[in-house]
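Under full-length UniProt numbering, think of the first position of the sequence shown as 1, with each following residue one higher.
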Amino acid sequence: MQNKIKQKWANGEAVTNAWISTPSSWSAEIMASVGFDVMTIDAQHGLAPDLTTMLPMLQAMEGSGTVPFVRLPDNNAAYIMRMLDAGVVGLICPMLDTAEETAAFVRAAKYYPKGNRSLGPTRSNVVYGEDYASHANDFTITLAMIETPDALKNIREMAKVPNLDGFYVGPWDLSMSLGFKRLADFQDPSFLDILKEILAVATEHNLVAGIHAATPQNARLFADLGYKFVTMINDSSALKAIAKTTLAEFEGSGEKGKLGSY
């Protein structure tokens, strides 16, 4: 049982990620067919909040080669375990501010002796083989979100948490909470310096740095800087952008749609 995402990171490669907000197995299947390395179902701000909705989405992705991640709604151990039992490989946990909170997140995602995940990989045993549990601690991926001033203050201690794989920057919440007037302005030197510092801390501790870049242009910017997990599209935003562009081209208005965070 190999994790191709961890293999790409070991080779120094950046991983491409698509964000899924729509509670639709058809949307998930379409996006998975494109060839992104990862697709992340958003259970925090997206519209697929529970496993009843997510299971058909995970099944639709199966066989595409795209690895399923979930952005959790919060740091809830029971929810974390259910996602992993359902076949999710990577978890992105929002609103983590301290090393203690980060450690609790990671422990819930790992079996003994690395954590306290309960044994019962119902679907993972089917998808990844009956020996799943014996390899799961190395197979699963944990990314802690950096999106608050407290997380920035405590990032070096958070980076020391055993078995954490990396950080995932939420630039909209981070810039808002730091008082920037323009949210997620990647051209602002002051904000870009903060993002470079997060990358430096991750690199220093042999962790991956990821970011919600929202567009392919921004994703390329951060991949070139050294970020190894870059989100470049959101299904809802992409649908709206192409619809707006199509109508604008027909009407000759020139107001084309743009990709956004949501």
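Each residue gets a CB set at the ideal place from its N, CA and C atoms; glycine is no exception.
Values in this document were obtained by computation on a predicted structure and should not be read as measured data.
Just so you know, the alpha carbons of N163 and R107 end up roughly 8 angstroms apart.
Around the C-beta of H212, 16 or more other C-beta atoms lie within 10 Å, and the residue is accordingly described as buried. Assignment of beta-bridge partners to W26 by DSSP yields no partner. With a threshold of 16 other beta carbon atoms within 10 Å, S190 falls short and is exposed. Within a 10 Å sphere around the beta-carbon of T52 sit fewer than 16 other beta-carbons, which makes this residue exposed. Taking a cut-off of 8 angstroms for Cβ pairs, the region 168 to 180 and the region 115 to 135 do not touch, as fewer than three such pairs fall below it.
Bounds of the beta strand (DSSP E) holding T40 are V38 to D42. Rounded to whole angstroms, L221 and T231 show a C-alpha spacing of 12 angstroms. Less than 8 angstroms separates the beta-carbon of L58 from that of P68.
Straight-line spacing of the CA atoms in T245 and A238 works out to 10 angstroms. The C-beta distance from T40 to I5 rounds to 12 angstroms, too long to fall under 8 angstroms, and the pair is not in contact.
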